[in-house]
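Participant: In terms of my numbering, the sequence shown is residues 3 to 140.
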Amino acid sequence: MWITHLLSVSPNNGFATYSNHRSAINSFFRDFQKDLPVEFKNALQEFYVGLKKDLNQMDATGVLKITTGKEPMSMTTYRLFCKTMMFSDKRNYIFARTFLIICWNLMCRAGNAESIQFNHMCWNEDHLQIFFAHSKTD
3 MWITHLLSVS PNNGFATYSN HRSAINSFFR DFQKDLPVEF KNALQEFYVG
53 LKKDLNQMDA TGVLKITTGK EPMSMTTYRL FCKTMMFSDK RNYIFARTFL
103 IICWNLMCRA GNAESIQFNH MCWNEDHLQI FFAHSKTD
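Below you can see the structure in the form of structure tokens.
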């Protein structure tokens with residue numbers, strides 16, 4: 003049933019997209035401190051081996067559109083993530099939500115947001131300014 007759902011949600015995507023779905027299901031079970039059922043785990047592994055071969059063949063023959071990179075996050079998804087993290091009782095979501103908001107508002111990558119230090123920030127009237135110590139030409 004999961005495999006049927008997976009193929010219906012992500013038609014004609016690359017292997018990394020399907021792999022992200024597998025990571026999500028593993029994370030779901032981990033979050034509830036449960037083990038994946040052995041039969042399901044074996045079926046999933048067998049499916050992914052075959053899927054990788056099929057997708058590689060489809061890439062090679064031009065059936066799939068070859069794309070790289072990441073798709074932008076929609077505002078709806080961003081709001082859902084922020085709202086979920088804000089109302090969660092998990093303490094690590096406090097940092098995760100703040101980090102997501104900084105990345106979104108600065109329109110920067112996680113690596114750039116990670117390098118921000120206190121001396122890169124200052125208040126200017128009603129807003130916080132954040133300065134980056136590098137440029138794209140560095």
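The beta carbon of each residue, even a glycine, is placed where N, CA and C say it ideally should be.
Thinking Met87 and Ala98 are a contact (beta carbons under 8 Å), I'd like their distance in whole angstroms, please.
Facilitator: Confirmed, Cβ separation roughly 6 Å.
Participant: Could I get the ranges of all uninterrupted alpha helix (DSSP H) runs contained in the region 69-132, with 4 residues as the minimum, in chain order?
Facilitator: Those alpha helix (DSSP H) runs which fall completely within the region 69-132 and span 4+ residues are 77-89, 94-108 and 112-116.
Participant: Between which two residues does the alpha helix (DSSP H) carrying Val40 extend?
Facilitator: Here the alpha helix (DSSP H) through Val40 covers Val40 to Thr63.
Participant: Write down the C-beta distance between Phe17 and Lys54 rounded to the nearest angstrom, noting that I regard them as a contact closer than 8 Å.
Facilitator: Sure, about 5 Å apart at Cβ, within 8 Å.
Participant: So which of Met123, Gln47 and Leu38 has the shortest CA-CA distance to Ser21?
Facilitator: For Ser21, the nearest C-alpha among the options comes from Gln47.
Participant: What span of residues does the alpha helix (DSSP H) with Ala26 cover, start to end?
Facilitator: Its alpha helix (DSSP H) spans residues Phe17 to Asp33.
Participant: How many Å lie between Glu41 and Gln59 at the Cα?
Facilitator: If I take the Cα positions, the gap works out to 27 Å.
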